[in-house]
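Residue numbers (the working numbering), protein chains in the order written: chain R, 188 to 560; chain X, 188 to 560; chain F, 188 to 560; chain V, 188 to 560.
Beta carbons are placed, not taken as given, at the ideal position from N, Cα and C, and that holds for glycine.
Because the structure is a prediction, the values reported are computed rather than measured.
Remarks on the structure that follows.
This is how it looks when you write it as C-alpha cells:
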C-alpha cells in the first residue's frame, strides 16, 4: 500500500505530476527572482525553538478564535485565486476540506466558484477576501458576502497594481475558467445598462482603493475588516487608525513584489506597533507545525496557508485539503508538546531564539527593535 | 593491508554498506527537515580554537570523573536505542568497547540486551538511562539498575511524545528484536495478574513524567539523577531546584524535534544558569577531539557520543567502539597539546572564539548573554 | 511568436549566443576573482523593501533632473568602452535607444564612434566621460565635448592604471575597431608635428591626473564635472573640496579592482559625507527596478546601467537599448507603486531595511555609521 | 604560444598534473576537515578595500626591510618541508627564485638541501626556520645557520606534536629523500659515539621546547629570533616578554590544527597586543596582491607564501618561483595604485572595511576589540 503523504512537502511533490506545467508554475512561482518566496521559508527555519520539558501538556488547548469565530487550531486557509487550477470542484472542495478540519477559509474575490456556491458547500466559517475592483463591484461583493454569511471582509492591500509573475509570462499562462463572483454581476449590470468593464483575473481598480476610501468601505457592511498584506509598523498603525479589526501580515507568498522581507521577519515590528489592540495573522511560508508555534510566540493569533491548499486539492480534493491541515495540526501539537505548552493562549516570545542578524529596523518615526530587547 | 579508519567519519562511511538500508537510515536520520541535526555539526565547526604554544603539555591529565566515577577521558557513550541494529551482541559489545577505553556507558531503557546482561558484560562504569513509561515500569527499572550496579539514573526529559522520524516512516521501519529490559517485567506482571501494557519501542508513558513526579522518582533510589535533554536556562534552573545531580545538554541528536538550537549553542546559557552547582555534560554532534575541548572550555565536564557508537559496532563490534573512542582520545589529546593545556580541569572559555552571531538570548526572566561578555 | 525579453537577465541570456566568445567575456568579466562583481548584485538583493499600501500612486512622478537635464526616469546609460563590440552602429545606436527612452547617455572616451558622431545621432542629453590620457588629449576632448553640446564632463577617477581582466588575458582579447575620439586628434597632431603617442584602449596617462590637476581641468570648460568612481567618504569630501558638481558612486562594474565593496554598500557613507551638497549617482549591479528605488531611497538622484546596454544592443540595436530601459522603467514604476510612492523626490531611507551586517565603517577621520542610526 | 600563468591559481592548476598524486596531496592538504585552510582564504576575501583615487602613486615604494634586511616588496617565502617534492633541485632552486625577486627566503629545518647548500645557492637574504628536535640538534642547527650567513632564526612554535594530515595517512605518504640538514650531523654524532636518534620528518623533540628554554636558545646565537605560529594576543605578549625580535602570525597553512581562526583574522588582536614593539609578519592564505595590502594595512610588515612556492617550483623551478612572486608583486602594485598609496610604510587600517561579524575576542586578561573601534 502506498504511503500517505507525511508532510506538506510530500503533498507538493505529489501534486506536481498531477498538474499541467502552466498551472503548476502559476501555483509555485514567486515574483521576479523569487527572493522573497525563498526568504519566507528560510526565515522560519532560522528561528529556533526553546523547548521546555517535564510539563504535562497532554491536555493541550489548540483551539482558538479569530474575530470570535471558533477554529479547531490556529491554521486557516489563505485566499488564493481560482482553485479550479488544481481540482475541478475548486473552492467548494477546499471549503469542505477546511470544514472537516474545523477551521476557517478565506475565499478570494478571484475564485472559480461564486461566494454563494462556496457558502453553500462550506461546513466551517468563511471570510471573504476583497480585491477592490471599483466601487460598484466592491459594494456588490461585500453585500453579497455579508448576505451569504461570511463573517469578515479580508481586504487585500498589497496588490496595488497588476504584476504578473515572470514564470506565468513565459508560459503565456491563461487562467482557465471564469471568475465565479462576477458571473451574475456582469449579467446584472448588463441588464441595467450600466457601463461596467468585465473584471478579469488581473485587473485592479481605477482609481485604486486608498486610506481615504475606508470610511466608505466601512459604511457598506457591519462585518469586521481584516487588513491583509500589512508589512510595516507604519501601515499597521494606519490600519488601526482606520478601524482595522485585525491585521494579516503577508507577503502574498512573495508573488507580487520581490525583495521585501518575509512575513515572519516583519511580524515583530507589527506586533510592537499594534500593542495588542487587534488580532494579527500571518501567512507566507508556513509549511511546518513549528512555524505555527513560532508565529504565535511572536504575537500572531493564527496563521494561514496558501500554496499548500492547491497541493492538497490536486492530490485528493477536499480530503487532501483536510489531510494537509491535519498534518499541520499534528506537527503543531508536537511542537506544543516539546515546548511544554498547554494552550495557544500562552505562547510567548521567550520560547524562541531569534537570529541576531534580525537587528532593529528603521520606521517612519523611529527605530523599532524587532523584539523588545 | 587495508587502512584502519582514521576518524569518526571513516567509521560512518564504512558502516553504511554493512547495515541494511532501514537500519542505516534509522541511525542517521534526524527529525523532520534535519535542520537541528545539521546545526549540531556546523555549530561546533563555527567555534574556533585559540591555540597556545611553548608549553610542555606532554604530561596531560585528561582523565576526569563524572559524578565521582573515574573515566580515562571526558568522552562517554550516550544512551541510544537497541544496538542490535548495528551488531548482534548489541549493548554487551558496546559496554565492552567502552570498558576497553575506560569510560562510562549510559545504557538506554530501550536496549536490546537487558540492563543486567549489560552490567554482566561491562568492565567500566554504567549509568542507566530512564525513559519513563509509567510508574510501575519506572520503579522496576530504577530498582533493577541500582541492584545491578549502575551508578546513576539518566532521566531523559526531552521526549515527551512519540515522534517517529520521517525517514523511518517512509521506510516503514520496524525495529528488529525485543526490548531486553522488559522481557522479565512483562512475564512478572503477567504472573501477578497486573494489567500492564507491553511497552514498545516508541510508546511514552501516560501520564507523562512531570516536575511534580521528581520527588517520587527521588524516593525510589539513592542514585544520583542526571537530567538529559535540558536545552534552556529555564529548565536548567528547574532541574537544580528539583535536585538534579547533573545536567546533560542534548538535542537527542536532532532526532526528536527539529529547529531547536544545537547543544553546543545552548551550553553557555545553561552553564551560566547553573553557576557551577552541578556537572554539565553535552552530546549531539561531537565528532572530533576538538569538539570535546570546545565543550569543556564552555563549561562542560564531559561529552558523549551517540551515532558513532553504532558505526563502531557495525564495523568491528566492541573493538570498533573502542577504536572509535581511541580516535577521539587521540584527537582530543592533540587539541589539548595545541592549546597548551595540561589538564581537563583547567579548560576555560578564553581558549575559544565564539561566532559573533551567537548573540544574547532571551529567557523567561531575563536576557542572558551566551557568554559573560 | 517568440516572447520578448521580460527582464534584463533575458537580454543577457539572448545576447550571449549573438556575440563572439571573446567579446562576450569582455563584457561579462570582472576583475580577478570577480568577487566585487558578484557582490554588486548580492548587496542589492540583501536590502529589503518596506512596502506601503492604500496610497494612490497612479500619478507617479518618476521624471527627474540630473544637473538640470531632464530625464524621464532616474536611469541613465553608464559610459562603457566601444559599443561596436555588441553592435555595428555602436554608440550611435545606444544614443538613439537612450533618446527613445528620454534619458541621458554618458559617452566614453573609449568609444568606437567619435563624440561628434554620437552627438549627431543622439536625441537625448549627453555627458562626456573623460579618461585622462595626458594634458593634450584631455584638453582636446573636453573642448570638443563642450562644442558638440555635451552637458557635463564625467571624470573617471577609479582607473589609475591599466588592469586588464583575467578573462581577457586568457582570451588574448584584441579590441576590434579604432577609438573614434582619436582619429582626428592623431591626424591633427601629426599635422602639427607634435610628438603624441597614439592613444590605445588601455593606456592611461603619464603622469596620471591628480587632485592638483583639477583646477586646470576646471579651467578648460564651463561644463559641470561629475566625479565617477568615488567609493569612500574620504574621496567624496575631497571631491566636494575640488569643486565636484556631482558624484557617481561606481565600482566600474567590478571590472578594475577586486574585493572592494559594492557600490550600493558604499553609497550611504558617501551620502552622509556629502550631506546633500551635490547630486549622487550610482552604477554597478543595477538589474531590477527595485534596485533603482533602493539607490534613490539611500540618497542617490539617479542610477545608471553598463553591461545591460551591450545586451540590449546585441539583441536589437537601438530598439534593444530602449526596450531594456523600458523594462527597468516598468519595474521601477512597479516598485514605486508597491512602496506607495508618488514621486522620486520623496524616496527616503525608511523605505528599506538594511542588513545588520552592514555595520559602521572606519574612515580617515572617524567612524561613520553607514546609515544615520 | 601557450599563455604564461597569470595568477597564483594558474600555477596551482598547472602544478597538479606535474606532481605525483601523493606529493600533490601532501602540498595541498590541510589538517583534518581542512576548515582552517579554507578559512584562510575566505577571510581574506571577506575584507574589502577602500580605494582612494586621484593620487599620483606611480612612484610607489614597495621595498621594505624585515629585521633590517632589504626586500624588494613585502612578500617572502615561508619555510616549508622538503622542496624536492616539487622539483629536483629543491630549496636551492627556491632560493634562486627568491633571489631573482630580491626577497627573503625562510629555510626549513626539514629541507632536502642542507642549509649550507641553500646558502651557497642563494642570492638573497635567508632566515633559518628552526623546528626544535632536542638540545643537541638545535644547538647544531642554530650555530650552523649563523655560520652560513642566515640572518635570523624563525622559531616554529605551533607544531608541539606530530600531526600527520589525514590525506597523507590515507595515501600512506612516504616523504621522498633525506633531510639535508641532518646528513652531516648524524655522521658527526656517530663519529663521537653520542647516542642521538636520527631525526625524521615528523618527530618533534622530547622534551618539547617551552618558554623556559628561550633563554637557553637566546644564548646560542646573536641572531634575532622570529616567533612563528603566534595566533593569540596572549602568546604575542609572552613572545615579547621572552625577547622576540619579530612575530609571524601563521596557521601553518591550516596543516596542523583544524578549526583555528585564519591568520588574517588573528592579526588585529596581535597587532593590538604588541603595540608596534616588534615587526609582525603573516602567512597562510596569501594568494593575491590585495591580500598583501590587507595584511599590511592591518599592521603587518610583510607576508609570506607557502604552498605557492611548490607550485612555482613544479611548473618551472627557480624561474617558476620567481615568476610566481612577480605576479604577486604586480598585483600588489596594482592594489597600492588603486588605494592611492605611495609607500608600504603608510598603509593603515582605514584602507579596509572589516566584516562586522569579526566581533571582539575574549583573551586571557580582557576583551580585545579586533580593531580599535
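Does residue i come out as helix, strand or coil in the three-state DSSP assignment?
i: residue 388 of chain F; result: coil
i: residue 560 of chain V; result: Unreliable positioning characterises residue 560 of chain V in this predicted model, as indicated by a pLDDT of 40, which lies under 50. A coordinate reading is not provided.
i: residue 325 of chain X; result: helix
i: residue 249 of chain R; result: coil
i: residue 432 of chain X; result: coil
i: residue 240 of chain F; result: coil
i: residue 417 of chain V; result: strand
i: residue 273 of chain X; result: coil
i: residue 229 of chain X; result: helix
Quick check on the burial criterion: 16 or more other C-beta atoms within 10 angstroms. Buried or exposed for residue i?
i: residue 238 of chain F; result: buried
i: residue 227 of chain X; result: buried
i: residue 446 of chain X; result: buried
i: residue 251 of chain R; result: buried
i: residue 151 of chain X; result: No answer is possible for residue 151 of chain X: it lies beyond the span of chain X, which begins at 188 and ends at 560.
i: residue 319 of chain V; result: buried
i: residue 470 of chain R; result: buried
i: residue 477 of chain R; result: buried
i: residue 511 of chain V; result: buried
Within 7 Å (strictly less), CB to CB, does residue i reach chain R?
i: residue 232 of chain F; result: yes
i: residue 548 of chain X; result: yes
i: residue 347 of chain X; result: yes
Since residue i sits in a beta bridge, which residues does DSSP pair it with?
i: residue 293 of chain V; result: V:314
i: residue 492 of chain V; result: V:264
i: residue 468 of chain R; result: R:435 and R:489
i: residue 447 of chain F; result: V:236
i: residue 282 of chain V; result: Answer is none; residue 282 of chain V lacks a bridge partner.
i: residue 554 of chain F; result: F:549
Please return the same chain residues whose Cβ sits closer than 8 Å to the Cβ of residue i, not counting the five positions on each side in sequence.
i: residue 554 of chain F; result: 547 and 548
i: residue 303 of chain V; result: 331 and 335
Answer with yes or no whether the minimum CB distance from residue i to chain F is below 7 Å.
i: residue 325 of chain R; result: no
i: residue 477 of chain V; result: yes
Is the CB of residue i under 7 Å away from at least one CB in chain V?
i: residue 198 of chain X; result: no
i: residue 362 of chain F; result: no
i: residue 553 of chain F; result: no
i: residue 193 of chain X; result: yes
Determine, using beta carbons only, whether residue i comes closer than 7 Å to chain X.
i: residue 458 of chain V; result: no
i: residue 316 of chain V; result: no
Return the chain-ordered list of same chain residues with a C-beta closer than 6 Å to the C-beta of residue i, the five sequence neighbours on each side being excluded.
i: residue 560 of chain V; result: With a pLDDT of 40 at residue 560 of chain V, under the threshold of 50, the modelled position of this residue cannot be trusted; read the value that follows with caution. Answer for residue 560 of chain V: no residue qualifies.
i: residue 498 of chain F; result: 198, 199 and 202
i: residue 401 of chain F; result: 429
Which residues in the same chain have their Cβ closer than 7 Å to the Cβ of residue i, if we skip the five residues on either side of it in sequence?
i: residue 367 of chain R; result: 298, 299, 300, 301 and 304
i: residue 296 of chain F; result: 316, 317, 318, 328 and 368
i: residue 354 of chain X; result: 212 and 216
Determine which residues of the region 235 to 267 of chain F have a Cβ less than 8 Å from any Cβ of chain A, and write them out in chain order.
Absence of chain A from the displayed structure is noted, the protein chains being R, X, F and V.
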